[in-house]
Amino acid sequence: MKMRPHRVWAVIQKEWAETARNRGIVWMMALIPAVIVLMVLGTDYGFVWAGQSGQDLKSVNMPVPPNLSHLPRHEALIIAMNEQFFFYLLLIPITLPVYIAAHSIIGEKETRTLEPLLASPVSTGELLLAKGFAAAAPAVVINWMAFSIVLGGVALIAPPAVLGYAVRDVWIIGMLLFSPLLALFSVMLGVLVSSRVNDPRTAQQISSVFVMPLILISLMVLMGKAFLTVPLVLAGAAVALAADILVLFLAIRVFQRETILTRWK
Amino acid sequence: MCSILRVEGLTKRFPAFGKGSHETLAVDAIHLEVQAGEVFGLLGPNGAGKTTMVRMLCALISPTAGRAWINGFELGPDNDSIRASVGVLTESPGLYRKLDAVTNLSFFAKLYGVRDIAGQVDKYLRMLGLWDARYQLAGSFSKGMRQKLAIARALLHEPPLVFLDEPTASLDPEAARVVRDFIEELRGRGRTIVLCTHNLDEADRLCDRIGVIKQKFLCIDSPARLRRQLYGSAVRVRLEKLAPEYANLLRGLPFVKQVEASDGALIVRLEDPATNNPTLVRVLVTAGAGVRYLEELSVPLESVYFDVMGQQDQDVRQEAKA
Ligand SMILES: Nc1ncnc2c1ncn2[C@@H]1O[C@H](COP(=O)(O)OP(=O)(O)O)[C@@H](O)[C@H]1O
Ligand SMILES: [Mg+2]
């Protein structure tokens, strides 16, 4: 399977140029991270205020990692809270790009741009990889921006210990490595399904079924049944990378130029 | 002479799709050879298999049977090279409506590995009269402009062989004329073109050879020879005074097929005006007729087309009876 970087890049640029014209999608991608940023900073501020005004926070029932028990109660709570939000942030890029990916092949079929595209010398691998990457990247970048804004806000309003704890290898690796690979996985799933299914909504639903197990694992983490560690995140990233490659190859196998072109609408 | 396109027994059957439908034989064992620099017309009604033929030859869909060589590459094993070396105007222009003309073209220039992307894009935008609209979104273009942009896209990488699938089908007469003029210009530059059309005048005007297709070729030849083959040629002879004996006299000549009087003139069908006319005139003058003038009549390609199609229908009816 040929992969020529300049062609992959050409398709990525084209996809981005189209996405940029579609303000709706960009806003949708930014909406959830923006809400999370506001929630993190809002609760952080609430806890800081409660701590400063000497309120009793014993009744707040939240799992606090054992290694934080030496900190003042409200600082420990802020940290525990942030940890959960950061975890959400890690997973966000798996939700929205699916939407874009689901539209990527079907969309071109509907606008009839698929035929000239497939008549060009672009290979299936180049096309699918580019489509996947192009859909995942904006969400990941928005996520990084959200993470940076939260860190900036925490530096402003929360005690220094909180920031120190947030800027931690788990989250750095998680954001830079795990989250993008996971995003790419869900996107490639979307691309794979969308090359086989006729309408975008079905494609989205089918791919979300595959994303379910991930959501279950994350619920466990959120309920305090598991804590993220560096080895865990690295292992997660490795699994995600393997899954990415697997899904890409599967998508290439499944993608049949002829069927996609000639099947009646 | 080298053939840039060679097709042997190319066949496409579409499988039945869904309940109540049955297999479609879209293209039936077609043989064809197109020489470099030729404009070949695939002329046929809707559903004749033109688009299917083009899609097969552009390596977009695979034939059920048969082989083909395009620019020296064999269909099947060399599909990648075929895609890189042909240009195609698909049935619908298929432009990215949210991108401007330049971006639409540069994208494809990159995919085709064009070296001087900006140069080629400029060249074709100017050539097709889209220069002033180059930063407008393709979605805001008129149908004619879209078609021209799609034609530019098909030519960017200077393919030796270009397929144009019904380039004027959905255009108003004015836009259609502009597109036809451009195709004529391309022809003048020696580009090999396969042109699908159901428009007789277009085929007549633009093509060196025409294949009348309805699943298979019903006939292939140059427009002029197609006419002659089916009708011979006709000349109109206008005389000072029309007398019945002149017609009888002409009927006796070996090369004359038919003579009828119409509108004060004689319509004479004969084998070849170029060699027969002098004799014809001499005979008339000897018999005392005053020949005012003689003009060649051209049979419209339309009659050829409908004749061939009509024959086809009769064949089908006879087959059905048998
Ligand atoms: N994807 C397809 N699936 C099934 N039948 C098809 C398909 N595409 C075309 N056909 C059939 O093949 C025949 C030829 O179609 P087409 O090549 O589009 O003709 P034309 O371009 O000359 O109008 C028609 O009978 C059409 O119904
Ligand atoms: Mg057609």
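Going down the list, the sequences are from chains A and B. Take any residue in the first sequence, note its place counting from 1, add 28, and you have its number in our numbering. Take any residue in the second sequence, note its place counting from 1, add 22, and you have its number in our numbering. Even for Gly, the Cβ is constructed at its ideal location relative to N, Cα and C. This one's a predicted model, so the numbers in the text were calculated from it and none came from an experiment.
So the candidates are the options; which of them puts its Cα closest to the Cα of residue i?
| i | options | result |
| --- | --- | --- |
| Leu-119/A | Gly-202/A, Arg-285/A, Ile-288/A, Gln-284/A | Gly-202/A |
| Arg-285/A | Gly-160/A, Leu-156/A, Ala-266/A | Leu-156/A |
| Leu-47/B | Gly-161/B, Lys-72/B, Glu-55/B, Leu-117/B | Lys-72/B |
| Glu-111/A | Gly-82/A, Arg-49/A, Ser-81/A, Val-68/A | Val-68/A |
| Trp-91/B | Arg-28/B, Ile-139/B, Glu-282/B | Arg-28/B |
| Ala-269/B | Phe-204/B, Arg-156/B, Leu-306/B, Asp-226/B | Leu-306/B |
| Leu-145/A | Val-198/A, Ala-38/A, Pro-33/A, Gly-74/A | Ala-38/A |
| His-34/A | Ile-139/B, Pro-99/B, Ala-70/B | Ile-139/B |
| Ala-243/A | Trp-55/A, Val-63/A, Asn-95/A, Ile-122/A | Residue identity check: residue 243/A is Ile in the sequence provided, not Ala. For Ile-243/A, the nearest C-alpha among the options comes from Ile-122/A. |
If residue i and residue j are in contact, beta carbons under 8 Å, what's the gap, nearest whole angstrom?
| i | j | result |
| --- | --- | --- |
| Arg-202/B | Glu-188/B | 12 Å between Cβ atoms; not a contact. |
| Ile-215/B | Val-259/B | Between Val-259/B and Ile-215/B the Cβ distance is about 39 Å, and since that is not below 8 Å, they are no contact. |
| Ile-40/A | Phe-161/A | 6 Å |
| Gly-31/B | Ala-58/B | Rounded, the Cβ-Cβ distance is 22 Å, inconsistent with contact. |
| Ser-236/A | Ala-279/A | 17 Å between Cβ atoms; not a contact. |
| Leu-133/B | Val-150/A | 5 Å |
| Pro-115/B | Ala-172/B | 4 Å |
| Ser-107/B | Pro-37/B | 30 Å between Cβ atoms; not a contact. |
| Glu-46/A | Tyr-118/B | 6 Å |
| Leu-256/A | Phe-175/A | Not quite, the Cβ-Cβ distance comes to about 14 Å (not below 8 Å), so this is no contact. |
From the DSSP output, which residues share a beta bridge with residue i?
| i | result |
| --- | --- |
| Cys-241/B | Val-234/B |
| Val-184/B | Gly-109/B, Ile-215/B |
| Val-281/B | Val-290/B |
| Tyr-315/B | Arg-260/B |
| Val-49/B | Lys-34/B |
| Ile-280/A | Its beta-bridge partners do not exist; DSSP assigns none. |
| Val-61/B | Ile-215/B |
| Phe-95/B | Ile-92/B |
| Asp-197/A | In DSSP, Asp-197/A forms no bridge with anything. |
| Glu-55/B | Arg-28/B |
| Ala-87/B | Thr-33/B |
| Ser-255/B | Leu-292/B |
| Asp-122/B | Leu-159/B |
Output the distance between the C-alpha atoms of residue i and residue j, rounded to the nearest integer angstrom.
| i | j | result |
| --- | --- | --- |
| Ile-232/B | Ser-244/B | 6 Å |
| Ser-207/A | Arg-105/B | 37 Å |
| Ser-183/A | Val-124/B | According to the sequence provided, residue 183/A is Ala. The question's Ser does not apply to it. The straight-line gap from Cα to Cα measures roughly 46 Å. |
| Gly-210/B | Arg-175/B | 19 Å |
| Ser-128/B | Val-169/A | 26 Å |
| Leu-248/B | Ala-256/B | 14 Å |
| Met-23/B | Met-78/B | Confidence is the limiting factor: at Met-23/B the pLDDT is only 48, short of 50, which leaves the residue's position unreliable, though a coordinate-based value still follows. Going by the C-alpha atoms only, they are around 24 Å apart. |
| Phe-163/B | Asp-194/B | 14 Å |
| Ser-103/B | Ala-48/A | 33 Å |
| Thr-71/A | Val-110/B | 59 Å |
| Pro-188/A | Val-195/A | 11 Å |
| Asn-89/A | Ala-108/A | 11 Å |
| Ser-84/B | Ser-192/B | 27 Å |
| Glu-113/B | Asn-221/B | 15 Å |
| Gly-192/A | Glu-103/A | 12 Å |
| Gly-135/A | Leu-247/A | 33 Å |
| His-44/B | Pro-67/B | 21 Å |
| Leu-82/B | Thr-152/A | 12 Å |
| Gly-40/B | Thr-230/A | 20 Å |
| Asn-299/B | Met-331/B | 32 Å |
| Ala-87/B | Val-76/B | 15 Å |
| Lys-42/A | Ser-148/A | 15 Å |
| Ser-97/A | Val-36/A | 50 Å |
| Leu-209/A | Arg-137/B | 34 Å |
| Cys-218/B | Phe-114/A | 59 Å |
| Leu-292/B | Gly-212/B | 34 Å |
| Gly-312/B | Lys-263/B | 7 Å |
| Val-215/A | Leu-121/B | 23 Å |
| Cys-229/B | Val-56/B | 12 Å |
| Phe-95/B | Ile-26/B | 10 Å |
| Trp-199/A | Gly-264/A | 13 Å |
| Pro-94/A | Leu-105/A | 12 Å |
Run the proximity test for residue i: is its beta-carbon closer than 7 Å to any non-hydrogen atom belonging to ligand 4?
| i | result |
| --- | --- |
| Glu-143/A | Ligands displayed in this structure: ligand 1 and ligand 2; ligand 4 is not among them. |
Can you pull every residue whose C-beta falls closer than 5 Å to some heavy atom of ligand 1, listed in chain order? Thr-290/A, Phe-36/B, Thr-46/B, Ala-48/B, Asn-68/B, Gly-69/B, Ala-70/B, Gly-71/B, Lys-72/B, Thr-73/B, Thr-74/B
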